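Each residue of the sequence shown is one higher than the one before, starting from 5 at the first, in this note's numbering. Ideal Cβ placement from N, Cα and C applies to all residues, glycine included. Bear in mind the structure is a predicted one, so any value in this text is a computation, not a measurement. Worksheet: the structure to be examined is printed underneath.
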Amino acid sequence: MFIEVVKSKIHRVTVTEANLNYIGSITIDEDLLDAANLIANEKVSIVNNNNGERFETYIIKGERGSGVVCLNGAAARKAQPGDVIIVMSYAMMDFEEAKAFKPSVVFPDTATNKLI
């Protein structure tokens with residue numbers, strides 16, 4: 005049996021930009037991606053702590069060290085700059101493997117989006 009478990013999580017990061025006139029996705033600082041074991045084009049779930057919105061999109065790699073977290077396209081309607089969000093990805097794995105699996109979780113500084 006396979007189950008879906010949390011693979012990676014960026015917990016409480018602040019949206020820095022919302023760009024409605026872009027194709028779609030979320031742009032995230034490459035430092036945060038590396039720390040959370042996330043990659044470009046990976047599907048992610050987003051939870052907005054400010055308004056309760058929940059949605060899915062994919063990742064675009066942002067400039068390393070910039071602190072950028074930009075919602076693009078339709079996702080820009082789900083959050084605005086200053087909102088605090090949680091970014092999560094999931095993985096399918098065997099039930100026994102999942103019991104021992106440890107997700108990558110990072111807790112950036114919400115004022116700067118830099119790793120603490």
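Cβ distance (whole Å) where residue i is taken to contact residue j below 8 Å
i     : j      : result
MET97 : PHE6   : 6 Å
ILE14 : VAL110 : 5 Å
Exposure of residue i, with buried meaning 16 or more beta-carbon neighbours within 10 Å
i      : result
ILE32  : buried
GLY126 : Residue 126 lies beyond the range of the chain shown here (5 to 120); nothing can be said about it.
GLY71  : buried
ILE120 : exposed
Test item: CB-CB of residue i and residue j under 8 Å
i     : j      : result
VAL9  : ALA102 : yes
ASN52 : ALA80  : no
VAL88 : ARG16  : yes
Alpha carbon of residue i to alpha carbon of residue j, nearest angstrom
i     : j      : result
ASP35 : PHE99  : 31 Å
ALA39 : ARG58  : 23 Å
GLY69 : ASN117 : 9 Å
ALA22 : SER29  : 10 Å
GLU67 : GLY77  : 19 Å
GLU60 : ASP113 : 23 Å
Length-filtered (4 minimum) alpha helix (DSSP H) runs lying within the segment 30 to 74 | Contiguous alpha helix (DSSP H) elements confined to the segment 30 to 74 occur at 34 to 40, taking only those with 4 or more residues.
Quick one: complete alpha helix (DSSP H) runs, 4+ long, within the segment 83 to 116?
-> Runs of the alpha helix (DSSP H) spanning 4 or more residues and lying entirely within the segment 83 to 116 occur at 99 to 104, in chain order.
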